[in-house]
Amino acid sequence: MSYYYYDKDECKFVPVQYDAVDRLIHTVSQLLLYGIVISGVVISMIVNYAGTPSEIALRAENRELTSQLRHTRATILQLDEQLDQLVANDNELYRTVLGLDPISMDERMAGTGGSDRIAGLNIYQSDTSELLRWTLGNLESIERRVNIQQLSFEEIKAYYNENQQKLQHIPAIRPINSIITSGFGPRMHPVYRFRRPHEGIDFRARIGTPIYATGDGVISMAGTNGTYGITIKIDHGFGYESLYAHLSGLETGIRTGRRVKRGDLIGFTGDTGVVEGPHLHYEIIRDGRAVDPLYYMFADLSPDEYIAFRRIADTNERSMD
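For reference, each letter of the sequence shown is one residue, going 22 to 342 in the working numbering.
Structural data, given as structure tokens:
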């Protein structure tokens with residue numbers, strides 16, 4: 022590129038003459054100027070689109086916090102599921118067996134809803150705001166439900182302390198150290214080949230396996246009982262009875278009128294009566310009506326064991342007697 026200057030004496034534009042060194046200096050100066058301009062443009066773009074170093078660090082921190090929030094969400098879902106199971110055990114097992122009124126879901130969920138903390142989350146980006154809103158809302162809900170559950174357990178504990186004699190008589194343990202094979206309710210009979218009421222639960226066991234009284238009481242029957250074979254029945258008082266059927270024999274001294282305590286050995290499993298194979302058929306009668314014995318094993322089953330037993334009871338449609 023050529024450059025000119027205006028010569029006043031000659032009244033014309035005259036080309037600028039450069040020697041080699043001047044030309045080199047001029048070229049380098051131009052390149053430096055262009056470089057500075059381009060660098061400024063690039064830096065401006067980086068700042069506008071990528072952010073300053075502090076902004077980049079904040080974005081990385083936000084991504085990490087968002088990831089932790091998602092992990093917290095998964096943990097909350099797991100806690101909520103465990104709390105649901107705790108609530109079910111509370112209503113179906115402890116409160117029902119003890120004769121306490123169940124706590125309705127409306128009562129357990131009382132007070133759930135928005136809060137001032139949740140209302141102030143609109144300043145965040147939509148995804149982050151929604152995640153924070155969900156997290157805080159569910160944490161507050163779980164906190165309220167846990168508080169109500171704690172009050173329920175305190176009520177149960179107080180009832181237990183005031184009614185220990187009655188609770189010692191309620192049949193509340195497994196009668197045999199074995200796993201359930203068939204649950205309570207209508208089942209296909211293995212011999213008669215049609216569905217009929219199954220008023221107890223079945224435990225599969227080898228002949229001669231020890232059977233234990235599930236609560237304090239008085240033996241009201243000990244002997245052969247039709248299709249039930251050799252049977253023991255215990256009157257626990259307070260409207261409760263328990264029945265043990267298809268035995269191979271009775272423990273020495275077990276007879277009608279004898280008092281027994283929870284955990285006493287009373288007999289041995291067998292296959293007497295109309296059965297498919299050796300097992301124990303176990304019933305609980307409350308106020309003259311058969312009830313599901315699984316609800317009455319709260320003193321002997323962990324929550325995981327109860328869930329496993331309940332799953333078997335609900336899925337096996339065939340009884341052993």
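Cβ atoms here follow ideal geometry from the backbone N, Cα and C, with glycine treated the same way.
Would you please state the rounded distance, in angstroms, between the beta carbons of R251 and T293? I believe it to be under 8 angstroms.
The identity of residue 251 in the sequence shown is Ile, whereas the question assumes Arg. Confirmed, Cβ separation roughly 5 angstroms.
Inter-stretch contact (C-beta, 8 angstroms, three-pair minimum) for the stretch 108–128 and the stretch 176–183:
yes
Throw me the rounded Cβ distance for the L195 and T156 pair, which I believe falls under 8 angstroms.
Looking at the sequence provided, one finds Arg at residue 195 rather than Leu. Contact doesn't hold; Cβ gap of about 41 angstroms is too wide.
Can we say the stretch 320–334 touches the stretch 254–261, given the rule of at least three CB pairs closer than 8 angstroms?
no
Nearest-angstrom Cα distance between R283 and G309?
About 21 angstroms.
Going by beta-carbon coordinates alone, are V281 and I240 separated by less than 8 angstroms?
Taking 8 angstroms as the Cβ cut-off, V281 and I240 qualify as a contacting pair.
For D335, does the count of other Cβ atoms within 10 angstroms reach 16, so buried, or fall short, so exposed?
exposed
Could you tell me the distance, in whole angstroms, from the CA atom of N198 to the CA atom of V167?
If you take the alpha carbons of N198 and V167, they lie about 33 angstroms apart.
Alpha-carbon to alpha-carbon, Q89 and Q189
Taking the CA atoms as reference points, Q189 sits about 48 angstroms from Q89.
May I have the straight-line CA-CA distance separating G204 from E164, to the nearest angstrom?
35 angstroms
Residue(s) in a DSSP beta bridge with I222
Y303
How big is the Cα-Cα spacing for G221 and S162?
38 angstroms
When F224, M318, L322 are compared against N337, the one with the closest alpha-carbon
It is F224.
Out of L268, L315, A109, H300, which one is the CA nearest neighbour of S340?
H300
If I'm right that G236 touches S269 with Cβ under 8 angstroms, what's the distance once you round it to whole angstroms?
Actually they do not touch by this definition, with Cβ atoms about 23 angstroms apart.
Do P218 and P211 have their CB atoms nearer than 8 angstroms?
no
Taking the alpha helix (DSSP H) that A193 falls in, what are its first and last residues?
Note, A193: premise wrong, no alpha helix (DSSP H); not H, not E.
DSSP puts T245 in a beta bridge; with which residues?
I251
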